[in-house]
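This report concerns only the one structure given below.
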Amino acid sequence: MCFHRIVALSVVLLLSAATSSYSQPMKDGKPVTGPNIASKQGFTAELWLTEHEEFFHKFAQGGDVRFDGTTNVRRDVPVFITFFITGPGLDASGAADVAADITVRKPDGTIYFQAKDAPCWSGKYPYSPESTQVADAKVKLRIEPKDPAGQYSVEATIRDKIKKIDLSLKKTFDVAQ
Numbered sequence: 506m507c508f509h510r511i512v513a514l515s516v517v518l519l520l521s522a523a524t525s526s527y528s529q530p531m532k533d534g535k536p537v538t539g540p541n542i543a544s545k546q547g548f549t550a551e552l553w554l555t556e557h558e559e560f561f562h563k564f565a566q567g568g569d570v571r572f573d574g575t576t577n578v579r580r581d582v583p584v585f586i587t588f589f590i591t592g593p594g595l596d597a598s599g600a601a602d603v604a605a606d607i608t609v610r611k612p613d614g615t616i617y618f619q620a621k622d623a624p625c626w627s628g629k630y631p632y633s634p635e636s637t638q639v640a641d642a643k644v645k646l647r648i649e650p651k652d653p654a655g656q657y658s659v660e661a662t663i664r665d666k667i668k669k670i671d672l673s674l675k676k677t678f679d680v681a682q
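Our numbering applies: residue 506 is where the sequence shown begins, and numbers increase by one.
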């Protein structure tokens, strides 16, 4: 499946296997909440941005991994839009089926990038329901010099097809002049 828009950005939909757990983000001993995190019936999804591609490689290897998110995106520096999921529904074979619709909007509200039904998890889910996993879908985004400065928004609907739950997530990022 290939999703891209070449007019204003360089985008690659990458699939990354998640093989270890990630704990709920905390700040001052309390769980982080906001429009980028949603939960319903034990299913939780989180939307984050990072410039650190090595995070995905380290996560896949297991052990303690630090996630460094960002809300300030630099021109010509790749940033990854990624999702974390916890507690997806499982079918009788132990498989999960989670997908995302992703829209990135420019400061004027027009669509910069869009992907429909990007696979977040499809197949066997061998982890504890309480563990948080990096979803397979991540978008590699590069803001080019000609792109407008200002606040961009990322909107996503994460769909657990087994639990029949849709979670709406939103995150913004700033691009300087």
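From the three backbone atoms N, C-alpha and C, an ideal C-beta is built for every residue, glycine too.
Check                                                                                                          : Outcome
7 Å Cβ shell around residue 622 - same chain, five flanking residues per side excluded                         : 604 and 606
Three-pair Cβ contact test at 8 Å for the stretch 594-604 versus the stretch 560-572                           : no
Range of the contiguous alpha helix (DSSP H) that encloses residue 566                                         : 559-566
Whether residue 626 touches residue 593 by CB criterion (8 Å)                                                  : yes
Option in 588, 616, 580 and 563 with minimal Cα separation from residue 541                                    : 588
Buried versus exposed call for residue 579 [16 or more other C-beta atoms within 10 Å across all chains shown] : exposed
Cβ shell of residue 675 (< 8 Å), same chain only, five flanking positions each side left out                   : 540, 541, 552, 658, 659, 660 and 661
Endpoints, beta strand (DSSP E) assigned at residue 656                                                        : 655-665
Endpoints, beta strand (DSSP E) assigned at residue 586                                                        : 584-591
Rounded C-alpha distance that separates residue 595 from residue 640                                           : 15 Å
Sub-8 Å separation of residue 554 and residue 582 beta-carbons                                                 : no
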